[in-house]
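**Student:** Dropping the structure in here first, questions after.
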Amino acid sequence: MKKDIVVIGTGMAGFGAASRLSHEGIRPVVYDRNDYYGGHTASFRDASGFLFDLGPHISFTKDARIQDLLASHVDQEYEALQVKLDNYWRGLRLTHPVQLHLNGLPHELVVEIIADFVKVHDAPERPVANYEEWLIASYGRKFAELFPMQYTRKYHLTTASNMSTEWLGPRMYRPSLQELLRGALAPWQPEVHYITHFRYPKQGGFLSYLGPLPQIADIRLRHEVVSIDPKARGIRFANGAAVAYDELVTSIALPALLPMIAGAPTDVVDAARRLACSTCVLVNVGVDRADLSEGQITYIYDEDICFTRLSFPHMLSATNAPPDCGSIQAEVYFSDKYRPLDTAIETLIDRVIADLHRCGTLRENDRILYRGAKVVRYANVIFDLERTAALETVHGYLDDIGLHYCGRYGDWGYMWTDESFISGERAAESALSASGRS
Ligand SMILES: Cc1cc2nc3c(=O)[nH]c(=O)nc-3n(C[C@H](O)[C@H](O)[C@H](O)COP(=O)(O)OP(=O)(O)OC[C@H]3O[C@@H](n4cnc5c(N)ncnc54)[C@H](O)[C@@H]3O)c2cc1C
């Protein structure tokens, strides 16, 4: 049997790996369990003409090399848009980020938030043990409890006190007292969000960015890896096929990968089981009206509304919906570890539509032209307090047996598409060097 560098996964990481290998003149075989390629970056158009990505995907990379690469994959045919985000909280529409736009809130509440903020603002910086402590130290207790701590329970499915702060990066803006006060007194437009502009393909949804993948790789779909023997260097698939490899680049999610590895020690498999991730049910709705929202993405804080975020694909590219129509994608989150998905998908679609009416996004006389849902089994890595130690154990073992893991679910981080692509490139490089080819 011919041995080679084999890649598992046709998402951004698998694409990055294939792209790096193609620079060495190698056209790798890339396997995927799905009957489509693209992983999380796949796009689907339904019969009524609405296109939905697998979760709202926009490209906001600041890496000029990746920007140029993606632009070339769509022949420079992309939309370049200013990001417009807003928030829904107890019936109010608030500008993003709320900490810089308190003027939309009731006056009494603004006074309480400022009073709490001043208390922490003047306190000396102290080390924090978890995300909750970071939030209170950054914003004061009132704001922290009403906004980010509440959002955390919906999005990360655990409490802020059970989370680390490793994932934060530029995600949560810490205002100065002056900024907080300015935003409390009147509307203003500070440019502080880590995303200000983004790109999105004019045609074909986000998947178009992966255009060259079928040329540079030999893609084998419907090949679900079920076991890996790192000693014999062989893989078996659910369809009965088996292949040998020299080096293996994998973007399989770690909790699924470890139990497949022959001879993996129990403590390592247990550590992989402790890695928490959210599952996202994407409810997609097509409507006979385009003026559904001012922003492309809305964050929903209220815990009695089932979705955490809304996005509007027709606002990313006009080709994502039929003329004069609009589309809504609602994200409803679950987690095996913290809040298992225990509701029938049809029931969830009904709940989403009812809640879209409750928060005013859908009107009484709107006609729904399409409704459907997709379940994204692995969505966001949850940075709970068990993650760091468990990940060290798992990665240490994979390094020992020489598997080249990559991507959001191989590296097990909060990675965007550009980072997943680069992670795939790195894994391919490490495979090349292990096989003595670079
Ligand atoms: C809701 C949501 C919104 C997001 N929005 C953005 C955004 O706006 N911008 C941005 O840049 N990033 C965004 N991201 C992040 C982005 O999706 C990821 O960084 C990236 O797509 C991950 O790529 P990947 O290749 O690592 O993983 P995946 O895309 O999951 O690829 C892994 C592949 O491996 C395959 N596979 C798994 N197990 C097996 C098996 N046993 N056998 C064979 N094949 C297998 C899967 O089918 C899949 O195709 C978002 C993510 C989510 C969840």
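Residues 0 to 437, numbered by numbering that gives the first Met the number 0, are exactly what the sequence shown covers, in order. By construction, the Cβ of each residue, glycine as well, lies at the ideal position given by its N, Cα and C atoms.
(1) Indicate, with yes or no, if ligand 1 has a heavy atom lying under 7 Å from the CB of THR278.
(2) Find the nearest neighbour of SER47 within the set ASP287, ARG125 and ARG362, judged by alpha-carbon distance.
(3) In angstroms, rounded to a whole number, what distance separates the CA positions of TYR377 and PHE333?
(4) Once DSSP output is grouped into helix, strand and coil, what is the label at ASP217?
(5) With a 10 Å radius around its C-beta and 16 neighbouring C-beta atoms as the bar for buried, classify THR346 as buried or exposed.
(6) Check whether the Cβ of HIS222 sits closer than 7 Å to any heavy atom of ligand 1, and report yes or no.
(7) Any idea if ASP74 is buried or exposed, counting beta-carbon neighbours within 10 angstroms, 16 or more meaning buried?
(8) Quick one: is SER71 buried, meaning 16 or more other Cβ sit within 10 Å of its Cβ, or exposed?
(9) For TYR396, collect the residues of the same chain with a Cβ closer than 6 Å to its Cβ; drop the 5 residues on either side in sequence, then sort them by chain order.
(10) Going by DSSP, what residue range makes up the beta strand (DSSP E) through PRO200?
(11) Mapping the DSSP letters down to three states, classify MET414 as helix, strand or coil.
(12) Cβ of TYR150 within 8 Å of Cβ of TYR337?
(13) Taking 7 Å as the cut-off, is the CB of VAL375 close to at least one heavy atom of ligand 1?
(14) Does HIS356 pass the burial test, meaning 16 or more other C-beta atoms within 10 Å, or should it be called exposed?
(15) For CYS279, which beta-bridge partners are listed by DSSP?
(16) Which residue comes first and which comes last in the alpha helix (DSSP H) that contains GLY233?
(17) Please tell me whether HIS95 and ASN86 are closer than 8 Å, where the distance is taken between their beta carbons.
(18) Keeping to the same chain, check which residues put their C-beta closer than 8 Å to that of THR278; ignore five residues upstream and five downstream.
(19) Comparing C-alpha positions only, which one of LEU20, PRO55, LEU50 and THR9 sits nearest to VAL280?
(20) Within its chain, find whatever has a CB closer than 8 Å to the CB of ASP365; leave out the 5 residues flanking it on each side and keep chain order.
(21) Rounded to whole angstroms, what's the CA-CA distance from TYR404 to GLU246? Just pull it up for me.
(22) Note down the Cα distance separating ARG272 from ALA114, rounded to an integer number of angstroms.
(23) Can you give the Cα-Cα distance for ILE381 and ARG370, rounded to whole angstroms?
(24) Rounded to the nearest angstrom, how far is the Cβ of VAL248 from that of TYR30, given a contact under 8 Å?
(25) Is it right to say LEU456 is buried, meaning 16 or more other beta carbons lie within 10 angstroms of its own, or is it exposed?
(26) Residue ranges of each alpha helix (DSSP H) run of no fewer than 4 residues wholly in the region 38-97, ordered along the chain?
(27) Could you check the C-alpha separation between PRO229 and PHE51 for me, to the nearest Å?
**Tutor:** A quick look at the data gives this:
(1) Position 279 of the sequence shown holds residue 278. THR278 Cβ: outside cutoff for every heavy atom of ligand 1.
(2) For this step, residue 47 is matched to residue 48 along the sequence shown. Considering only alpha carbons, the answer is ASP287.
(3) One-based indexing of the sequence shown puts residue 377 at position 378. One-based indexing of the sequence shown puts residue 333 at position 334. Approximately 10 Å, taken between the alpha carbons.
(4) The sequence position of residue 217 within the sequence shown is 218, counting from 1. The answer is strand: DSSP assigns ASP217 an E or B state.
(5) On the sequence shown, residue 346 is found 347 positions in, with the first residue counted as 1. When all chains shown are included, THR346 counts as exposed.
(6) Translated into positions along the sequence shown, residue 222 becomes position 223. Checking every heavy atom of ligand 1 against the Cβ of HIS222, one is found closer than 7 Å.
(7) Position 75 of the sequence shown, counted from the start, is the residue given in the question as residue 74. Flag for ASP74 reads exposed.
(8) As a first step, residue 71 is located in the sequence shown; it is residue number 72 there, counting from the start. Exposed, because fewer than 16 other Cβ atoms sit within 10 Å of the Cβ of SER71.
(9) Taking the sequence shown and counting its residues from 1, the one referred to as residue 396 is at position 397. These residues qualify, in order along the chain: VAL267.
(10) Position 201 of the sequence shown, counted from the first residue, corresponds to residue 200. First-last of the beta strand (DSSP E) with PRO200: 196-200.
(11) Position 415 of the sequence shown, counted from the first residue, corresponds to residue 414. Note: MET414 maps to coil in three-state DSSP.
(12) Here residue 150 is taken as the residue at index 151 of the sequence shown, counted from 1. Here residue 337 is taken as the residue at index 338 of the sequence shown, counted from 1. Not closer than 8 Å, so no.
(13) Position 376 of the sequence shown, counting from 1, holds the residue named residue 375. At least one heavy atom of ligand 1 is nearer than 7 Å to the Cβ of VAL375, so yes.
(14) Here residue 356 refers to the residue found at position 357 when the sequence shown is read from its first residue. With fewer than 16 Cβ atoms within 10 Å of its Cβ, HIS356 is classed as exposed.
(15) Counted from its first residue, the sequence shown places residue 279 at position 280. Its beta-bridge partners are TYR332 and VAL375.
(16) One-based indexing of the sequence shown puts residue 233 at position 234. Here GLY233 belongs to no alpha helix (DSSP H); instead the beta strand (DSSP E) covers 233-236.
(17) Counted from its first residue, the sequence shown places residue 95 at position 96. Counted from its first residue, the sequence shown places residue 86 at position 87. Yes, they are a contact pair.
(18) Your numbering for residue 278 matches position 279 in the sequence shown. Once the five neighbours on either side are set aside, the close Cβ partners of THR278 are TYR332, PHE333, SER334, ASP335, LEU340, VAL374, VAL375, ARG376, TYR377 and ALA378.
(19) Reading the sequence shown from its first residue, position 281 is the one you call residue 280. The option with the nearest alpha carbon to VAL280 is PRO55.
(20) The residue labelled residue 365 in the question sits at position 366 within the sequence shown. VAL286, ASP287 and ARG288, listed in sequence order.
(21) The sequence position of residue 404 within the sequence shown is 405, counting from 1. The sequence position of residue 246 within the sequence shown is 247, counting from 1. Rounded to the nearest angstrom, the two C-alpha atoms are 11 Å apart.
(22) Taking the sequence shown and counting its residues from 1, the one referred to as residue 272 is at position 273. Taking the sequence shown and counting its residues from 1, the one referred to as residue 114 is at position 115. Computed Cα separation, rounded: 43 Å.
(23) Reading the sequence shown from its first residue, position 382 is the one you call residue 381. Reading the sequence shown from its first residue, position 371 is the one you call residue 370. Cα to Cα, ILE381 sits roughly 29 Å from ARG370.
(24) Here residue 248 refers to the residue found at position 249 of the sequence shown. Here residue 30 refers to the residue found at position 31 of the sequence shown. With 8 Å as the limit, VAL248 and TYR30 do not qualify as a contact, their Cβ atoms being about 11 Å apart.
(25) This structure cannot settle anything about residue 456, because the visible part of the chain is limited to 0 through 437.
(26) 63-72
(27) To locate residue 229, count along the sequence shown from 1; it is residue 230. To locate residue 51, count along the sequence shown from 1; it is residue 52. Going by the C-alpha atoms only, they are around 38 Å apart.
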